[in-house]
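Under our numbering, the first residue of the sequence shown is numbered 2, with each subsequent residue one higher. Ideal placement from N, C-alpha and C gives every residue a C-beta, glycine not left out. Fair warning: this is a prediction, and the values are worked out from it, not measured in the lab.
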Amino acid sequence: MRKTISFQTSDAIGAALLVLALFLAGCGGSSTKAVTVEKPTGEALYISYCQICHGEHGDGPMANMLKAPPPDLTLISYRRQDGKFPEEQMRRIIDGRDNIAGHGEGDMPVWGATFHQSEGIEDETVLKERIDMLVKYLESIQRQPEE
Ligand code: HEC
């Protein structure tokens with residue numbers, strides 16, 4: 002994508018073109034690029050915050066630097082006894098602020114607190130919405146393991 006813009010006309014038109022160019026550059030991007038927009042998608046959040054450890058199948062670039070291996074998040078349902086996607090539990094694991102057994106002592110970051118502190122998201126509704134988007138995204142990528 003060409004990003005050079007001529008400002009020969011007037012500054013106002015130039016500025017408008019710049020805004021348009023930034024908009025177009027944002028749209029054409031590949032899906033592996035971190036996206037920081039007002040209202041991100043679950044997939045974008047996953048790519049920005051989770052892929053570094055969980056990767057596509059528990060194989061993110063940071064995976065072997067961790068004490069406990071990050072699980073393959075496409076097999077959450079498969080690993081549950083009833084084979085169902087544990088939506089409410091996921092919400093609590095990702096939020097992490099109320100410690101539930103087995104989580105919180107590991108390397109898995111507490112996202113409720115992270116989104117709150119590092120991004121200055123004060124609004125509990127926005128926080129919940131983000132966690133919700135992640136949960137929905139995770140639900141959408143569940144699969145059976147390959148034989
Ligand atoms: C620094 C590495 C790291 C990052 C980044 C990370 N995780 Fe994790 N995650 C782990 C580890 C390690 C475990 C397993 C041990 C534990 O629970 O602490 C885990 C466990 C989980 C589980 C539990 C899976 C199950 O079957 O019970 C879920 C769900 C999860 N992560 C979701 C996420 C989401 C969503 C994000 C991004 C918002 C994320 N993780 C980012 C390391 C990470």
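| Asked | Found |
| --- | --- |
| Quick one: residues in its chain with C-beta nearer than 6 Å to the C-beta of Leu135, no 5 flanking neighbours on either side, listed in chain order? | Gly43, Leu46 and Ile95 |
| By a C-beta neighbour count over all protein chains shown, 10 Å radius and 16 as the cutoff for buried, is Gly113 buried or exposed? | buried |
| Reducing DSSP to helix, strand and coil, say where Leu128 ends up. | helix |
| Taking the alpha-carbon of Glu92 as reference, which of Tyr79, Glu140 and Arg81 has the nearest alpha-carbon? | It is Arg, not Glu, that sits at residue 92 in the sequence shown. The candidate whose alpha carbon is nearest that of Arg92 is Glu140. |
| Kindly list the residues whose CB is nearer than 8 Å to the CB of Pro70, restricted to its own chain and excluding five residues on each side of it in sequence; keep chain order. | Gly59 and Ala64 |
| Taking only heavy atoms of the ligand HEC into account, decide whether any of them is closer than 7 Å to the Cβ of Tyr79. | no |
| Cα-Cα, which of Gln143, Leu74 and Leu67 is closest to Gly56? | Leu74 |
| Determine the direct distance from the alpha carbon of Met109 to that of Ile77, and round the result to whole angstroms. | 15 Å |
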